[in-house]
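> As numbered in my numbering, the sequence shown has no gaps in its residue numbers, which increase by one up to the final residue, 644. The beta-carbon is built from N, C-alpha and C at its ideal position, and this holds for glycine as well. Just so it is clear, the structure is predicted and the values come from calculations on it, not from any experiment. Have a look at this one.
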Amino acid sequence: MRIGSQYLGNNICKFTLWAPLFKEVAVHLLTPEEKIVSLEQTERGYWEGEIPGIEPGTLYFYQIDGEDRADPASNSQPKGVHGPSEVIDRNAFTWNDREWKGIAVEEMVIYELHVGTFTSEGTFTTIIDKLSYFRELGVNTIEIMPVAQFPGERNWGYDGVFPYAVQNSYGGVNGLKQLVNACHQQGIAVILDVVYNHLGPEGNYLWGLQTYFTDKYKTPWGSAINYDDAYSDGVRNYFVENVLYWLEDYHIDALRLDAVHAIYDYGAKHILQEMAEAVTKYSQNQGRKYYLIAESDLNDARIIRSQEVGGYGIDAQWSDDFHHILHTLLTGEKQGYYADFGKLEQLAKIYRCGYVYTWDYSEFRQRYHGNDPSDCKASQFVVCAQNHDQVGNRMLGDRLTGLISFEAQKLAAAVILLSPFVPMLFMGEEYGETAPFLYFVSHGDPGLIEAVREGRKSEFAAFHAEGEAPDPQAEETFKRSHLNWDLHRQGKHKVLWQFYQKLLQLRRQNPALAKLDCKQLEVSIVEPEKVLCLRRWEGRNQVLCWMNFDSSVTEISINLPEGNWKKLLDSAESKWSEEGSNIPQKLDNPDKQVKNQKISLNPHSVVVYTN
Numbered sequence: 034m035r036i037g038s039q040y041l042g043n044n045i046c047k048f049t050l051w052a053p054l055f056k057e058v059a060v061h062l063l064t065p066e067e068k069i070v071s072l073e074q075t076e077r078g079y080w081e082g083e084i085p086g087i088e089p090g091t092l093y094f095y096q097i098d099g100e101d102r103a104d105p106a107s108n109s110q111p112k113g114v115h116g117p118s119e120v121i122d123r124n125a126f127t128w129n130d131r132e133w134k135g136i137a138v139e140e141m142v143i144y145e146l147h148v149g150t151f152t153s154e155g156t157f158t159t160i161i162d163k164l165s166y167f168r169e170l171g172v173n174t175i176e177i178m179p180v181a182q183f184p185g186e187r188n189w190g191y192d193g194v195f196p197y198a199v200q201n202s203y204g205g206v207n208g209l210k211q212l213v214n215a216c217h218q219q220g221i222a223v224i225l226d227v228v229y230n231h232l233g234p235e236g237n238y239l240w241g242l243q244t245y246f247t248d249k250y251k252t253p254w255g256s257a258i259n260y261d262d263a264y265s266d267g268v269r270n271y272f273v274e275n276v277l278y279w280l281e282d283y284h285i286d287a288l289r290l291d292a293v294h295a296i297y298d299y300g301a302k303h304i305l306q307e308m309a310e311a312v313t314k315y316s317q318n319q320g321r322k323y324y325l326i327a328e329s330d331l332n333d334a335r336i337i338r339s340q341e342v343g344g345y346g347i348d349a350q351w352s353d354d355f356h357h358i359l360h361t362l363l364t365g366e367k368q369g370y371y372a373d374f375g376k377l378e379q380l381a382k383i384y385r386c387g388y389v390y391t392w393d394y395s396e397f398r399q400r401y402h403g404n405d406p407s408d409c410k411a412s413q414f415v416v417c418a419q420n421h422d423q424v425g426n427r428m429l430g431d432r433l434t435g436l437i438s439f440e441a442q443k444l445a446a447a448v449i450l451l452s453p454f455v456p457m458l459f460m461g462e463e464y465g466e467t468a469p470f471l472y473f474v475s476h477g478d479p480g481l482i483e484a485v486r487e488g489r490k491s492e493f494a495a496f497h498a499e500g501e502a503p504d505p506q507a508e509e510t511f512k513r514s515h516l517n518w519d520l521h522r523q524g525k526h527k528v529l530w531q532f533y534q535k536l537l538q539l540r541r542q543n544p545a546l547a548k549l550d551c552k553q554l555e556v557s558i559v560e561p562e563k564v565l566c567l568r569r570w571e572g573r574n575q576v577l578c579w580m581n582f583d584s585s586v587t588e589i590s591i592n593l594p595e596g597n598w599k600k601l602l603d604s605a606e607s608k609w610s611e612e613g614s615n616i617p618q619k620l621d622n623p624d625k626q627v628k629n630q631k632i633s634l635n636p637h638s639v640v641v642y643t644n
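Right, here's the structure in full:
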């Protein structure tokens, strides 16, 4: 059932609210003239009514047992989280993407961005000016961090309290539609990050409706959303409808579901499965595929397995393991959950199947963790070297740029973009952005502000971080997180950008790299030299890669497969590095006679050959 305000045309609006525990519900209209109109209770706790004389732009509250509350399914909150809701004509926008058929997930190159810090203006429409930048780089999909209405004008996105309302300071309803429309016209897909595991602490008026949360389970943010307790049917409808809302009203191509491990549902049909079923049905009706991508630290392949074999049917998931092993290999950090990682063999394992922990003992968790996802497709794993969580949750918001060498940054790019998985870049990574990406908020409650500050301190204590975190409430913390766009055309930043561009070009044009398949690869390691050897193939086309994770020059013996091999990329060549490379442009082994050839790899370098 569609909920919230639905403008039907001819100055008629239908209002639908789910509030099963209340005795009286009305719509309190504030404009064009103030009046109160009672709603009728229908089955299972829904209240409905069609009201004439209402135009788009009308401001209203629901009045529940005499108390004004914003619409929990509000499309727009023009005066913020504590203000009235706004009636929106969902059909007023003119779309120009009728010919758009989407991009298959296995072809996606994802670029994660935060609207407020991606440009100096921090709006949807100013992102449109950067679409040609994505195309030049080789990115065909942008992933927008959450835009659900949050308190104030700055927030990193995960304190939203109106899951249906588009943040007004970003440009609101029309701003997001303009961005998606422009993206599709330029061949770029759009993923939206949505949060179905919690709501933020300020302006969360769902609490007052009593049925949306349960104390049966605890999350890092408090009581869990009620997906399986009494009165959960309306809650499930609320969030399944939200999934369809973004696809239908905003033409979003895919949703990234935040932290599904904090969604608790022990009913016979998990809410993720119900969402997946709804998206499958919608895709069939539209004649093209829409996607759900989960973030999960469970390493449970059931999430992405098909429903035919007992899975939930989610299309893909982030692979946290991939990030963690790459991060520890490059930085040497071992605090917190990084304690479970750091062996090159773990990277080799993840290339083969998508997880490091497949029911292996985790020292950090002090238990066994994960299961084997070998029956899943490589295109069901999204991998990255950086993302908003792994940068923004660091005390100083520091990126890899400030943690590892320039050579190691190129190596990180190669590990991601030469993998058999769907790659994701975090905004600015491609040119070595130097600005941090910090955690920032703009709450209005002094007690809450102090609680957030103390919470951050406690979180960093677990990582044994020294020093003091920047004040998340300070506007300066937000401003420091803005990208420095001038950098990507300067010095080593320009070289790094061109290196990413070259890798993405190779990935598109080379069949062995374009085909995402863990079964069509061989991976091995050379220890103690810290070299990973990767061979991928598609038909007769093959690619050989050697990646040196050592900080010194490393000589290794290679058993070259039969054939004539031409160098495609060498991160140590003068074009990409001041070091220069002695590795030959060609390697030949026409009759399998040459064994144990030796090559010398520069520190933190990668070299790629093809036959």
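Do L72 and V60 have their beta-carbon atoms positioned less than 8 angstroms apart in this structure?
Position 27 of the sequence shown, counted from the start, is the residue given in the question as residue 60. Position 39 of the sequence shown, counted from the start, is the residue given in the question as residue 72. Cβ atoms of V60 and L72: closer than 8 angstroms.
> Taking the Cβ atom as the reference point for each residue, do A295 and H231 lie within a distance shorter than 8 angstroms?
Position 262 of the sequence shown holds residue 295. Position 198 of the sequence shown holds residue 231. The answer is yes: Cβ separation under 8 angstroms.
> Rounded to the nearest angstrom, how far is the Cβ of A106 from that of Y197, given a contact under 8 angstroms?
Working through the sequence shown from its first residue, we reach residue 106 at position 73. Working through the sequence shown from its first residue, we reach residue 197 at position 164. Confirmed, Cβ separation roughly 5 angstroms.
> Among I121, S395, E67 and K619, which residue has its Cα nearest to the Cα of F48?
Stepping through the sequence shown from its first residue, residue 48 is reached at position 15. Per the Cα distances, I121.
> Nearest CA to the CA of A381: which residue from D621, L567 and R486?
Numbered from its first residue, the sequence shown carries residue 381 at position 348. Among D621, L567 and R486, the Cα nearest to that of A381 is on L567.
> Going by beta-carbon coordinates alone, are Q218 and N129 separated by less than 8 angstroms?
As a first step, residue 218 must be located in the sequence shown, where it is residue number 185. As a first step, residue 129 must be located in the sequence shown, where it is residue number 96. Result yes, Cβ atoms of Q218 and N129 sit closer than 8 angstroms.
> With DSSP run on the structure shown, which of helix, strand or coil describes Y464?
Position 431 of the sequence shown, counted from the start, is the residue given in the question as residue 464. Helix, per DSSP.
> Between N581 and T643, is the Cβ-Cβ spacing less than 8 angstroms?
Position 548 of the sequence shown, counted from the first residue, corresponds to residue 581. Position 610 of the sequence shown, counted from the first residue, corresponds to residue 643. Against a cut-off of 8 angstroms, the Cβ pair of T643 and N581 comes out as no contact.
> Should the stretch 150-170 be called in touch with the stretch 310-329, which here means at least 3 C-beta pairs below 8 angstroms?
No, the stretch 150-170 does not touch the stretch 310-329.
> Taking the alpha carbon of L520 as the point to measure from, which residue in T91, I383, W351 and E466 has its own alpha carbon closest?
Against the sequence shown, residue 520 aligns to sequence position 487. Comparing Cα positions, the closest option is E466.
> Using a beta-carbon distance below 8 angstroms, is S339 in contact with chain C?
Protein chains in the displayed structure number just one, and chain C is not present.
> Going by C-alpha to C-alpha distance, which of L554, L363 and Y271 sits closest to G78?
Translated into the one-based positions of the sequence shown, residue 78 becomes position 45. Looking at the Cα atoms, Y271 is the closest of the given residues.
> Name, in chain order, the residues that DSSP records as bridge partners for I175.
Counting from one through the sequence shown, the residue named residue 175 turns up at place 142. Paired residue(s): Y144 and V223.
> If you reduce the DSSP assignment to three classes, tell me which class S316 lands in.
Residue 316 sits at position 283 when you count from the first residue of the sequence shown. S316: helix per DSSP, three-state reduction.
> By Cβ distance, which residues of its chain are closer than 7 angstroms to Q74, with the 5 residues on each side in sequence left out?
Against the sequence shown, residue 74 aligns to sequence position 41. If we look at Q74 and ignore the five residues flanking it on each side, its Cβ neighbours are W80.
> From what residue to what residue does the alpha helix (DSSP H) around C417 run?
Here residue 417 refers to the residue found at position 384 when the sequence shown is read from its first residue. C417 -> not in any alpha helix (DSSP H); beta strand (DSSP E) instead, spanning F414 to C417.
> With 16 as the cutoff for other CB atoms within 10 Å, does A484 come out buried or exposed?
Numbered from 1 along the sequence shown, position 451 holds the residue referred to as residue 484. Label assigned to A484: exposed.
> Could you tell me whether the Cβ atoms of V641 and V586 are closer together than 8 angstroms?
The residue you call residue 641 lines up with position 608 of the sequence shown. The residue you call residue 586 lines up with position 553 of the sequence shown. No; because the gap between Cβ atoms is not below 8 angstroms, this pair is not in contact.
> For T127, count the other beta carbons within 10 Å of its own beta carbon; 16 or more makes it buried, fewer makes it exposed. Which is it?
Here residue 127 is taken as the residue at index 94 of the sequence shown, counted from 1. The residue is exposed, with fewer than 16 neighbouring Cβ atoms inside 10 Å.
> Would you check if the distance between the CB atom of L444 and the CB atom of K535 is smaller than 8 angstroms?
Position 411 of the sequence shown, counted from the start, is the residue given in the question as residue 444. Position 502 of the sequence shown, counted from the start, is the residue given in the question as residue 535. Not closer than 8 angstroms, so no.
> How big is the Cα-Cα spacing for E557 and A411?
Along the sequence shown, one-based indexing puts residue 557 at 524. Along the sequence shown, one-based indexing puts residue 411 at 378. Before going on, a small fix: residue 557 reads as Ser here, not Glu. So the alpha carbons of these two residues sit roughly 18 angstroms apart.
> What residue from S202, C409 and N592 has the CA that sits closest to S352's CA?
Taking the first residue of the sequence shown as position 1, residue 352 is located at position 319. S352 has its Cα closest to that of C409, out of S202, C409 and N592.
> Any chance the stretch 498-516 sits against the stretch 140-150, with 3 or more Cβ pairs inside 8 angstroms?
As far as the Cβ criterion goes, the stretch 498-516 touches the stretch 140-150, which means the pair count is three or higher.
> Measuring alpha carbon to alpha carbon, tell me which of K314, V142, Y299 and F183 ends up nearest V223.
The sequence position of residue 223 within the sequence shown is 190, counting from 1. Nearest of K314, V142, Y299 and F183 to V223, Cα basis: V142.
> Under the assumption that I449 contacts A418 (Cβ atoms under 8 angstroms), give the Cβ distance between them as a whole number of angstroms.
Locating residue 449 in the sequence shown gives position 416, where the first residue counts as 1. Locating residue 418 in the sequence shown gives position 385, where the first residue counts as 1. Confirmed, Cβ separation roughly 5 angstroms.
> Evaluate S438 with the Cβ neighbour count: other Cβ atoms within 10 Å of its Cβ, from every protein chain shown; 16 or more gives buried, anything less gives exposed.
Counted from its first residue, the sequence shown places residue 438 at position 405. Label assigned to S438: exposed.
> Closest to I160 by C-alpha separation, out of L565, I589 and M460, would be which residue?
One-based indexing of the sequence shown puts residue 160 at position 127. Checked all of L565, I589 and M460; the closest Cα to I160 is M460.
> CA-CA distance, C578 and R569?
Here the question's residue 578 lines up with position 545 in the sequence shown. Here the question's residue 569 lines up with position 536 in the sequence shown. So the two alpha carbons sit approximately 9 angstroms from each other.
> Which residues mark the beginning and the end of the alpha helix (DSSP H) in which K527 is found?
The residue you call residue 527 lines up with position 494 of the sequence shown. Start and end: G524 to Q542.
> Bridge partners for M580 per DSSP, in chain order?
Start at 1 with the first residue of the sequence shown, and residue 580 comes out as number 547. BP columns for M580 point to L565 and V639.
> Would you kindly work out how many angstroms separate the C-alpha atoms of H357 and I258, rounded to a whole number?
As a first step, residue 357 is located in the sequence shown; it is residue number 324 there, counting from the start. As a first step, residue 258 is located in the sequence shown; it is residue number 225 there, counting from the start. Looking at the two C-alpha atoms, the distance is approximately 29 angstroms.
> What residue ranges within the stretch 325-358 form continuous beta strand (DSSP E) runs of no fewer than 3 residues, ordered along the chain?
Runs of the beta strand (DSSP E) inside the stretch 325-358: 349-351.
> Tell me, to the nearest whole angstrom, how far the beta carbon of A125 is from that of P89; I am working on the premise that it is less than 8 angstroms.
If you number the sequence shown from 1, residue 125 lands on position 92. If you number the sequence shown from 1, residue 89 lands on position 56. Between P89 and A125 the Cβ distance is about 7 angstroms, and since that is below 8 angstroms, they are a contact.
> Looking at the structure shown, is L54 part of a helix, part of a strand, or coil, going by DSSP?
Translated into the one-based positions of the sequence shown, residue 54 becomes position 21. Here L54 sits in coil by DSSP.
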